[in-house]
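Per my numbering, residue 16 is the first one in the sequence shown, and the count goes up by one each step.
Where a beta carbon is used, it is the ideal one built from N, C-alpha and C, also for glycine.
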Amino acid sequence: MGVSDQQQIGFPFEAVIFGVVYLVIALIQIAVGTGLRKFTPIGKFGGIIFGMMGLLAIPLGTLLSGYMLYLLLSAKGKYIFSPEYQEVLKATPHIVYKTPTIIVVFGVLLLILFIAVGILSLAPIG
């Protein structure tokens with residue numbers, strides 16, 4: 016009856032487009048996060064851009080992004096991205112930050128929650 020192959024499969028083309036867009040954004044955020052962890056200027060720039068975008072996510076995103084922008088643009092933030100601090104990092108490679116166990120546990124629980132919500136959102140209603 017004139018139903019296209021796309022509609023018969025039940026997988027809308029728009030979902031593919033959104034998936035690709037979100038994948039690209041995720042890859043950019045991974046690159047920015049890596050840059051921030053290594054204190055590179057491109058990481059700082061990307062962090063500022065994503066922080067400004069996050070200000071639009073009222074109310075929680077505004078608070079978190081505002082704090083992130085404060086950290087990146089403060090005097091301390093400027094110092095840790097400076098060439099002088101890069102020399103300090105090169106001179107002290109044995110000093111490595113260790114993430115507290117409670118943060119790791121919280122992150123794993125949050126990941127499990129996101130996966131559970133994702134699975135439940137795929138379940139048919141009724």
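Item: Coarse secondary structure for V111, derived from DSSP in three states; Value: coil
Item: 6 Å CB neighbourhood of L51 in its chain, flanking five on each side removed; Value: G58, G62
Item: Within 8 Å, strictly: CB atoms of Y94 and Y100; Value: yes
Item: Where P98 sits in the DSSP three-state scheme; Value: helix
Item: Alpha-carbon to alpha-carbon, I43 and L88; Value: 21 Å
Item: 4 or more residues per run - each alpha helix (DSSP H) lying fully within the region 112 to 137; Value: 116 to 137
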